[in-house]
Amino acid sequence: MGEPILQLENICKIYNQGEPSEVAVLREINLSFYKGEFVAIMGPSGSGKSTLLNIIGLLDRPTTGRLFIHGQDTQSLDDHALTQLRGHSIGFVFQYHYLISAFTALENVMMPLLADQGFPDAAMKARARFLLAQVGLEKWMDQLATKMSGGQQQRVSLARALAMNPDILLADEPTGNLDTQSADAVFALMRRINQQNGTCFIIVTHNHDLAALCDRIITVVDGQIQTGAPVSRT
Amino acid sequence: MKYGLPFEWIVAVRFLYEGRLQTLFIIGGIAIGVGVIVFMSAMLAGLEANFLKRVLTTQPHIQVVAMDQVARPLRDPRQQTEDAIIQKPTQRVVSIDQWQSILQQLRAQPDIVTVSPTVAGSAFAIRGEASRSVTLTGIEPQTYFQIVKIPDYLVAGEARLASDMVMIGFELANDLGAKVGDKINVSSASGGRQVLTVSALLDFGNKGANQRSAFVTLRSAQSLLGMIGGVTTLDVTVQDIYAAEIIAQHIASANQVVADSWIKTNAQFFTAVQAQKSTNTLIRLFVGLSVAFGIAAVLVVSVIQRSKEVGILRAMGTTRGQIMRVFLLQGGLLGFAGSVGGALLGAIALYYWHALARQADGSELFPLILEQQLFVYTAVLATLTGLLAATAPAVRAAKLDPVVAIRG
Ligand SMILES: Nc1ncnc2c1ncn2[C@@H]1O[C@H](COP(=O)(O)OP(=O)(O)OP(=O)(O)O)[C@@H](O)[C@H]1O
Ligand SMILES: [Mg+2]
């Protein structure tokens, strides 16, 4: 499998440390992810899946433990460097609040490129258009984001997450808010892009049928990885 | 999406456009505040300009006259004994001591523009049965006209003086039944007497002046008023009108004369203008503050409303600095747009008020002065106010934790 693109070493996340309300949300997490993988993260509500995903995505910092991206330790990076690394290596898809309502579908997809380069240009537009075509929404590119259906919005946000051509795509319950048909379509799309581009997908989901289609399932229970245990039905 | 604009501008403009109702309301609020400032400042500038013009085109900036003859002991240089006490002579015209040398000295001063010697005193103008008391002023036309623009007040005849000519107020002419070219008899208490030809009728826009003014040559006035070789006043104009008082004080201390500046003689008007100005400054300050609070309030709400979008922008690689600039820009843009609206409102209000507000005689209350400078200043100031007001919300937006923003 070669070198992992992403490595977690003894990651712990403790909220309100030292206070009576102290909670250890993640405990001693050790994980590795490889190029081209399609991984599902499962587990009961409140088990720490989103927290884990946010730490992987450099949105949140672990209380202790280390996170390596392409072998680079992220601990010593300041906020600006983390933001840069995040922008270039990681794409996000969230369950809710998918898109920026003031912009069209095309502009939303351009946004990560624009934030990175500073000024819009024709190449940026062409890339956004290409990505929208990939998710089957080229016809809708000039539609305001908020005027689209949930499934369409989620496909736009998938296109946006791919804009910077990241190695890692993180999705927190991307289909959790969609009807079965749309959910299946979005999932199939992600799987196809994973196979085409070799992007590593890490998806938090409660959907066992979809999880069964992944390369690997990681189960988080009570802030810890459950190894070998069968996926519990929640 | 325009290709020329940077990321921050695009997002800021879109955010403002998306919340257009909020945006319009706050711009309206700023515009009203700025409009009041523009209107007041321009009107005040107009009133002041009008006042200055009135004062300074009908008056010298400094008048140098002889010292009051206060009662003082006469000294005999040898005996040190005192003679009789001299009472201040009433109604007597007194010549300035050594006026020729003072005149030369003043003319040599670089901060002084014009010096014009005049002789003034009371006299009688008689024509047929009619006789009127007049203020007789002897002038040197070429210098005096530079100070008081006599040709501007001309209603008949020519602004010209020779030794046998007189220019009089048109109401005085009416009272005497005289026209241009007619002869009138002028005599004074000191016994001087001369027949003069009316060369011009003048209208100063002031009834008293129109009924009493009579201008003759310096020489005629000197002989009529019995002051051969003397002058009562040196009229002075200066380079910088606001330095007039200081220059006047210098003149007075360097010579045995009294020198009054226009600032001193119009002290009341002057303090009134100053008071208006400080009131105006206070109003500006408070309008500025309320504009700042308005912008800050709108942006604070906007940051809260958009916290999820900010979180998503941060997740996709937007830096804190970029987020901060997006909100700072919104503040600046609101301030700028409000000031443009305010300038328009202020200008419209000025035009209307200028057309409506008239003096009793129908002439304008204030001249319409719309200086570009005022608009540029206002726009810059409002934009800066907007930026400043946006600082707190922008910092808040930049500090938003994306995890909290996205989860919440
Ligand atoms: N800022 C915080 N302070 C204290 N506790 C927190 C904070 N954020 C999250 N938690 C707690 O951490 C635990 C894990 O939350 P997390 O969102 O990661 O769960 P999850 O597995 O994603 O759940 P779900 O399936 O419902 O999305 C929860 O018990 C939550 O209450
Ligand atoms: Mg979650």
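First to last, the protein sequences are chains A and B. The first sequence maps to residues 1089 to 1322 in my numbering. The second sequence maps to residues 608 to 1015 in my numbering. We put the beta carbon where it would ideally sit given N, CA and C, even for glycine.
Can you give the beta carbon distance from residue 939(B) to residue 988(B), rounded, assuming they're within the 8 angstroms contact cut?
-> Locating residue 939(B) in the second sequence gives position 332, counting from the first residue. Locating residue 988(B) in the second sequence gives position 381, counting from the first residue. Residue 939(B) to residue 988(B), Cβ: 12 angstroms. No contact.
Proximity test, Cβ basis, 8 angstroms: residue 1322(A) and chain B = Here residue 1322(A) refers to the residue found at position 234 of the first sequence. Low confidence applies here, because residue 1322(A) scores a pLDDT of 41, under 50, leaving its location unreliable; read the following figure in that light. Cβ-Cβ to chain B under 8 angstroms: no for residue 1322(A).
Nearest residue (CA-CA) to residue 1075(B), options 741(B), 724(B), 895(B) = As displayed, chain B neither begins before 608 nor continues past 1015, which places residue 1075(B) out of reach and without an answer.
Anything in chain A within Cβ reach of residue 1010(B), meaning under 8 angstroms, just list it in chain order.
-> For the purposes of this step, residue 1010(B) is taken as residue 403 along the second sequence, with counting starting at 1. The answer, in chain order, is 1142, 1147, 1148.
Provide the residue span of the alpha helix (DSSP H) that contains residue 955(B), from first to last.
-> Counting from one through the second sequence, the residue named residue 955(B) turns up at place 348. First-last of the alpha helix (DSSP H) with residue 955(B): 927–963.
Neighbour list for residue 1209(A) in chain B, Cβ cutoff strictly below 7 angstroms = Counting from 1 along the first sequence, the entry for residue 1209(A) is found at position 121. What residue 1209(A) touches in chain B: 610.
The region 1171–1191 of chain A / the region 1212–1222 of chain A touching (three or more Cβ pairs under 8 angstroms) | When C-beta atoms of the region 1171–1191 of chain A are compared with those of the region 1212–1222 of chain A, fewer than three pairs fall below 8 angstroms, so the two segments do not count as touching.
According to DSSP, is residue 1217(A) helix, strand or coil?
-> Against the first sequence, residue 1217(A) aligns to sequence position 129. In this structure, residue 1217(A) counts as helix in the three-state DSSP scheme.
For residue 1310(A), verify whether its CB is less than 7 angstroms away from any heavy atom of ligand 2.
-> As a position in the first sequence, residue 1310(A) is number 222, starting the count at 1. Outside the cutoff, so no.
Nearest neighbour of residue 906(B), chosen from 884(B), 622(B), 1006(B) [CA to CA] | For the purposes of this step, residue 906(B) is taken as the residue at position 299 of the second sequence. For the residues 884(B), 622(B), 1006(B), the minimum Cα distance to residue 906(B) belongs to 622(B).
Taking three-plus beta-carbon pairs below 8 angstroms as touching, is the region 634–644 of chain B in contact with the region 897–906 of chain B?
-> Enough Cβ pairs lie closer than 8 angstroms, so yes.
Using a Cβ-Cβ cut-off of 8 angstroms, state whether residue 1154(A) counts as contacting chain B.
-> Mapped onto the first sequence, residue 1154(A) falls at position 66. With 8 angstroms as the cut-off, residue 1154(A) does not count as an interface residue toward chain B.
Could you check the C-alpha separation between residue 1314(A) and residue 628(B) for me, to the nearest Å?
-> Residue numbering aside, residue 1314(A) sits at position 226 when the first sequence is read from its first letter. Residue numbering aside, residue 628(B) sits at position 21 when the second sequence is read from its first letter. Straight-line Cα distance between these residues: approximately 52 angstroms.
Whose Cβ in chain A lies nearer than 7 angstroms to the Cβ of residue 927(B)?
-> Within the second sequence, the letter at position 320 stands for residue 927(B). Chain-order list of chain A residues neighbouring residue 927(B): 1167, by C-beta distance under 7 angstroms.
Could you confirm whether any beta carbon from chain A is found closer than 8 angstroms to the beta carbon of residue 938(B)?
-> On the second sequence, residue 938(B) is found 331 positions in, with the first residue counted as 1. No - not a single Cβ of chain A is within 8 angstroms of the one on residue 938(B).
Rounded to whole angstroms, what's the CA-CA distance from residue 1130(A) to residue 1277(A)? Just pull it up for me.
-> Position 42 of the first sequence holds residue 1130(A). Position 189 of the first sequence holds residue 1277(A). The straight-line gap from Cα to Cα measures roughly 20 angstroms.
Chain-ordered neighbours of residue 1174(A) on chain B, where CB pairs are closer than 9 angstroms | Numbered from 1 along the first sequence, position 86 holds the residue referred to as residue 1174(A). Result: 921, 922, 923, 924.
Taking only beta-carbon positions, decide if residue 1108(A) is within less than 8 angstroms of chain B.
-> For this step, residue 1108(A) is matched to residue 20 along the first sequence. Using a Cβ-Cβ cut-off of 8 angstroms, residue 1108(A) does not count as an interface residue toward chain B, since no Cβ of chain B sits closer than that to its own.
Nearest-angstrom Cα distance between residue 920(B) and residue 1200(A)?
-> For the purposes of this step, residue 920(B) is taken as the residue at position 313 of the second sequence. For the purposes of this step, residue 1200(A) is taken as the residue at position 112 of the first sequence. Taking the straight line joining both Cα atoms gives about 8 angstroms.
Could you tell me whether the Cβ of residue 661(B) comes closer than 8 angstroms to any Cβ of chain A?
-> In the second sequence, counting from the first residue as 1, residue 661(B) sits at position 54. With 8 angstroms as the cut-off, residue 661(B) does not count as an interface residue toward chain A.
Top-ranked residue by Cα proximity to residue 1265(A), from 1183(A), 1310(A), 1255(A), 1204(A) = Counting from 1 along the first sequence, the entry for residue 1265(A) is found at position 177. Among 1183(A), 1310(A), 1255(A), 1204(A), the Cα nearest to that of residue 1265(A) belongs to 1183(A).
Nearest CA to the CA of residue 1152(A): which residue from 1250(A), 1235(A), 1280(A), 1114(A)?
-> Counting from one through the first sequence, the residue named residue 1152(A) turns up at place 64. It is 1114(A) whose Cα lies nearest to the Cα of residue 1152(A).
Applying a beta-carbon distance threshold of less than 9 angstroms, which residues of chain B neighbour residue 1250(A)?
-> Taking the first sequence and counting its residues from 1, one reaches residue 1250(A) at position 162. Contact annotation for residue 1250(A) against chain B: no contact, minimum CB-CB distance about 11 angstroms [criterion: below 9 angstroms].
Nearest chain B C-beta to residue 1264(A) closer than 8 angstroms, yes or no?
-> Position 176 of the first sequence, counting from 1, holds the residue named residue 1264(A). So no, residue 1264(A) is outside the interface.
On the three-state DSSP scale, how would you describe residue 1118(A)?
-> As a first step, residue 1118(A) must be located in the first sequence, where it is residue number 30. Residue state for residue 1118(A) is assigned as strand, using DSSP reduced to three classes.
Using only the heavy atoms of ligand 2, determine whether one of them is closer than 7 angstroms to the beta carbon of residue 1260(A).
-> Here the question's residue 1260(A) lines up with position 172 in the first sequence. Yes.
Grab the span of the beta strand (DSSP E) containing residue 1104(A) for me, first residue to last.
-> Counted from its first residue, the first sequence places residue 1104(A) at position 16. DSSP places residue 1104(A) outside any beta strand (DSSP E), giving it a letter other than H or E.
Any non-hydrogen atom of ligand 1 closer than 7 angstroms to residue 1315(A) Cβ | The count along the first sequence starts at 1 and reaches residue 1315(A) at position 227. Because no heavy atom of ligand 1 lies under 7 angstroms away, the Cβ of residue 1315(A) does not count as near it: no.
Residue 1190(A) in three-state terms, based on DSSP | Mapped onto the first sequence, residue 1190(A) falls at position 102. Judged by DSSP in its simplified three-state form, residue 1190(A) adopts coil rather than helix or strand.
In this structure, does DSSP put residue 971(B) in helix, strand or coil?
-> Sequence index remark: in the second sequence, residue 971(B) carries index 364 (1-based). Three-state result, residue 971(B): strand.
Look up residue 826(B) in the DSSP assignment and say whether it is helix, strand or coil.
-> The count along the second sequence starts at 1 and reaches residue 826(B) at position 219. In the three-state reduction of the DSSP assignment, residue 826(B) falls in the helix class, which pools H, G and I.
Through-space distance from residue 962(B) to residue 924(B), alpha-carbon basis | What you label residue 924(B) is simply residue 317 of the second sequence in a count that begins at 1. What you label residue 962(B) is simply residue 355 of the second sequence in a count that begins at 1. Using only the alpha carbons, I get a separation of about 58 angstroms.
Along the beta strand (DSSP E) that carries residue 867(B), what are the first and last residues, could you check?
-> Indexing the second sequence from 1 puts residue 867(B) at position 260. Counting along the chain, the beta strand (DSSP E) containing residue 867(B) begins and ends at 864–868.
Are the CB atoms of residue 1289(A) and residue 1127(A) nearer to each other than 8 angstroms?
-> Numbered from its first residue, the first sequence carries residue 1289(A) at position 201. Numbered from its first residue, the first sequence carries residue 1127(A) at position 39. Yes, they are a contact pair.
Comparing the CB of residue 1101(A) with every heavy atom of ligand 2, is any distance shorter than 7 angstroms?
-> Position 13 of the first sequence holds residue 1101(A). Not so, every heavy atom of ligand 2 lies at least 7 angstroms from the Cβ.
Got a sec: which bits of the region 1201–1233 of chain A sit with their beta carbon under 7 angstroms from any beta carbon on chain B, in order along the chain?
-> Contact annotation: in the region 1201–1233 of chain A, residues whose CB is within less than 7 angstroms of a CB in chain B are 1202, 1203, 1204, 1206, 1207, 1208, 1209.
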